[in-house]
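Numbering (this note's numbering), first residue to last: 13 to 225.
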């Protein structure tokens, strides 16, 4: 994983971890910069090709908060499964993300991973509603390796993470994680997702949604 500290260490011991979805990048980190807590710290986490994460540094903070989007919802729950969180919000993702019933259909996920390219990224951005200024600047081949690593990790037996989320937000116009699949998964947790008028990409609305916690 890669971690960008978008603000200093903060003065009040508060840290917000933003786990982006697949294909996170420096341009996309700018989309979440406004989420920094008042006088707190903000870390942007992306690129899940590997699972290296500085868990020990979290001890420097009094309270750790989490906002995770898309496949970052699954990866954050796995990475932070032993971390005490003050709050945790999931946006447009589930803890069973490669699933015809609860996430993305396995055949679609696999075909996307196998055929990922610059052209595929442009198509994905359109379907997900990712603005052009936040499109990834990473090589498509590097993102393909990330997606294949996630697919293998998610499919591994016994690796389904437990729920760490307390609030869930789902976009009614999500064309990546179907809304009905999100609702079906979270209601069995049980959590009642807040449905937003939004596509899959959510960071431009996340600050407003988080204010309603």
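Ideal Cβ positions, reconstructed from N, Cα and C, are used throughout, including at glycine.
Excluding the 5 residues preceding and the 5 following residue i in the sequence, name in chain order all residues of the same chain whose CB lies nearer than 7 Å to its CB.
{"i": "residue 36", "result": "58, 59"}
{"i": "residue 215", "result": "43, 44, 81"}
Just to confirm my understanding: we take residue i, look at its own chain, exclude 5 residues before and 5 after, and list those with CB closer than 8 Å. What are they?
{"i": "residue 173", "result": "86, 89, 90, 93, 107"}
{"i": "residue 179", "result": "99, 100, 101, 102, 203, 206, 225"}
From residue i to residue j, what does the alpha carbon distance come to, in whole angstroms?
{"i": "residue 164", "j": "residue 64", "result": "16 Å"}
{"i": "residue 136", "j": "residue 113", "result": "21 Å"}
{"i": "residue 71", "j": "residue 47", "result": "21 Å"}
{"i": "residue 123", "j": "residue 50", "result": "42 Å"}
{"i": "residue 32", "j": "residue 157", "result": "17 Å"}
{"i": "residue 27", "j": "residue 76", "result": "5 Å"}
{"i": "residue 52", "j": "residue 74", "result": "10 Å"}
{"i": "residue 167", "j": "residue 209", "result": "31 Å"}
{"i": "residue 14", "j": "residue 30", "result": "12 Å"}
{"i": "residue 130", "j": "residue 119", "result": "20 Å"}
{"i": "residue 95", "j": "residue 34", "result": "22 Å"}
{"i": "residue 125", "j": "residue 68", "result": "32 Å"}
When the Cα of residue i is compared with those of the options, which residue comes out closest?
{"i": "residue 143", "options": "74, 202, 53, 39", "result": "39"}
{"i": "residue 195", "options": "177, 129, 115", "result": "115"}
{"i": "residue 121", "options": "200, 188, 56, 97", "result": "188"}
{"i": "residue 111", "options": "25, 190, 213", "result": "190"}
{"i": "residue 16", "options": "34, 54, 24", "result": "54"}
{"i": "residue 25", "options": "197, 150, 97", "result": "97"}
{"i": "residue 61", "options": "84, 129, 41", "result": "84"}
{"i": "residue 217", "options": "160, 198, 79, 177", "result": "79"}
{"i": "residue 146", "options": "133, 200, 154", "result": "133"}
{"i": "residue 109", "options": "19, 154, 199, 193", "result": "193"}
Which residues in the same chain as residue i place their Cβ atom closer than 6 Å to its Cβ, once the five residues preceding and following it in sequence are excluded?
{"i": "residue 207", "result": "182, 184"}
{"i": "residue 213", "result": "140, 141, 142"}
{"i": "residue 150", "result": "37"}
What is the residue span of the alpha helix (DSSP H) that residue i lies within?
{"i": "residue 86", "result": "83–91"}
{"i": "residue 157", "result": "152–167"}
On the DSSP letters alone, give me the boundaries of the beta strand (DSSP E) that residue i sits inside.
{"i": "residue 103", "result": "99–103"}
{"i": "residue 14", "result": "14–17"}
{"i": "residue 63", "result": "From DSSP, residue 63 is part of no beta strand (DSSP E); its letter is neither H nor E."}
Worksheet entry | Ordered list of alpha helix (DSSP H) runs contained in the segment 172–212, each at least 4 residues | 191–199
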